[in-house]
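Residue numbers (the numbering used here): 1187 to 1348. Glycine included, C-beta positions come from ideal geometry on N, C-alpha and C. Worksheet: the structure to be examined is printed underneath.
Structure representation (structure tokens):
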């Protein structure tokens, strides 16, 4: 499915559960600040719009996307949160560094989901260009931070349904 002209952050017809009873963590990378700050602001706004209480949201920053996994683990171990939203941006470059970072972060966040039996949401952009990142951080294709927040809410509601 082409995403060229579609706002991917539109949740029309999708019921977003009430988030008022949950505690959230947002861990975000300061690398590519313009992009990641927009992701963080989008996630925070979406959580609040769906009932989360500001006092039940912890926000912490790490230097880069590679550090998201350990930062998220710290948050899981030292904070009382029900879900952790991990936000970053790794833009394709001329070397394999992109592949190594993206693979490590994706695997690390996946492993945390299993280890802690709670949602660790992968909100890391992996675009080919700076413009593609802008388009996905509040630009014409929506805000992946919004989507990560909705995913966290929905996964917590799913867990509560068992």
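If you draw a straight line from the C-alpha of residue 1297 to the C-alpha of residue 1274, how long is it? Taking the chain shown and counting its residues from 1, one reaches residue 1297 at position 111. Taking the chain shown and counting its residues from 1, one reaches residue 1274 at position 88. Going from the Cα of residue 1297 to the Cα of residue 1274 covers about 17 Å.
For residue 1241, count the other beta carbons within 10 Å of its own beta carbon; 16 or more makes it buried, fewer makes it exposed. Which is it? Walking along the chain shown from the start, residue 1241 turns up at place 55. When all chains shown are included, residue 1241 counts as exposed.
Just curious, the alpha helix (DSSP H) that residue 1336 is in, first and last residue? As a first step, residue 1336 is located in the chain shown; it is residue number 150 there, counting from the start. Element bounds for residue 1336: 1330-1346.
Can you grab the Cα-Cα spacing for the pair residue 1226 / residue 1214, in whole Å? Position 40 of the chain shown holds residue 1226. Position 28 of the chain shown holds residue 1214. The alpha-carbon atoms of residue 1226 and residue 1214 are separated by roughly 7 Å.
CB-CB length for residue 1238 against residue 1206, believed under 8 Å: In the chain shown, residue 1238 corresponds to position 52, counting from 1. In the chain shown, residue 1206 corresponds to position 20, counting from 1. About 7 Å; that satisfies the 8 Å criterion.
Using a Cβ distance threshold of 8 Å, determine whether the region 1302-1316 contacts the region 1265-1282, with at least three qualifying pairs required. yes
Just the Cα atoms here: how many angstroms apart are residue 1343 and residue 1233? For the purposes of this step, residue 1343 is identified with residue 157 of the chain shown, where counting begins at 1. For the purposes of this step, residue 1233 is identified with residue 47 of the chain shown, where counting begins at 1. Taking the straight line from one Cα to the other gives about 14 Å.
Out of curiosity, what's the CA-to-CA distance linking residue 1263 and residue 1334? Taking the first residue of the chain shown as 1, we reach residue 1263 at position 77. Taking the first residue of the chain shown as 1, we reach residue 1334 at position 148. When rounded, the distance between both Cα atoms is 21 Å.
Reduced DSSP secondary structure (H/G/I, E/B, other) of residue 1278: By 1-based counting over the chain shown, the position of residue 1278 is 92. It is coil, neither helix nor strand.
Could you check what DSSP says for residue 1262 in three-state terms: helix, strand or coil? As a first step, residue 1262 is located in the chain shown; it is residue number 76 there, counting from the start. It is helical.
How about residue 1258 and residue 1305: do their beta carbons lie closer than 8 Å? Along the chain shown, read from residue 1 onward, the residue named residue 1258 stands at position 72. Along the chain shown, read from residue 1 onward, the residue named residue 1305 stands at position 119. For residue 1258 and residue 1305, no; Cβs fall outside 8 Å.
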